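The sequence shown begins at 63 in the numbering used here and counts up one residue at a time.
Below is one structure; the comments refer to it alone.
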Amino acid sequence: MQETLRTIILFWFGLSVLILLFSNLAFFIWLRRYGVKLEFLLTGTPGYLEYTYYKWCRAQGRSPTVILILRLVLIVNVVAAAVALVSILSSS
């Protein structure tokens, strides 16, 4: 049972990280397509894309709420998976 749980949590963590990385890439491409000015070196900084998107939405008169909540859910998912992974690895 312990080994199965460890495998599931490891898979969850790996999948969460991959989803976050690919969503960052897709979000970056989407922002560039709409002409949002981005500093390439800062795109890996947590919160940079979201802050830039927030500023762009405000300038366009749009609401950034839906995308920002979705991005927050992705980040919380990775953090929860990391906590579970550390917990399961440290207990063995």
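Glycine included, C-beta positions come from ideal geometry on N, C-alpha and C.
If you're wondering where the values come from, they're calculated on a predicted model, not measured in any experiment.
Same chain, Cβ closer than 6 Å to residue i, five either side skipped, listed in chain order
i           : result
glycine 106 : none
Residue i to residue j span [Cα, whole Å]
i             : j                : result
proline 126   : leucine 77       : 26 Å
tyrosine 110  : glutamine 122    : 18 Å
arginine 68   : glutamate 101    : 39 Å
leucine 130   : tryptophan 92    : 14 Å
asparagine 86 : methionine 63    : 35 Å
valine 98     : phenylalanine 90 : 9 Å
leucine 104   : glutamate 112    : 12 Å
Own chain, CB closer than 7 Å to residue i, minus 5 neighbours either side, in chain order
i                : result
phenylalanine 75 : Ala143, Ala144 and Leu147
cysteine 119     : Ser125 and Pro126
Where the alpha helix (DSSP H) containing residue i begins and where it ends
i             : result
threonine 107 : Threonine 107 -> no alpha helix (DSSP H), and no H or E assigned at all.
valine 140    : 127-152
arginine 94   : 64-95
Cβ neighbour criterion (16 or more within 10 Å) applied to residue i
i            : result
tyrosine 115 : buried
arginine 95  : exposed
Contacts around residue i, its chain only, beta-carbon distance under 8 Å, and the 5 residues preceding and following it disregarded
i             : result
isoleucine 70 : none
proline 108   : Ile137
Three or more C-beta pairs below 8 Å linking the segment 70-85 and the segment 120-140: yes
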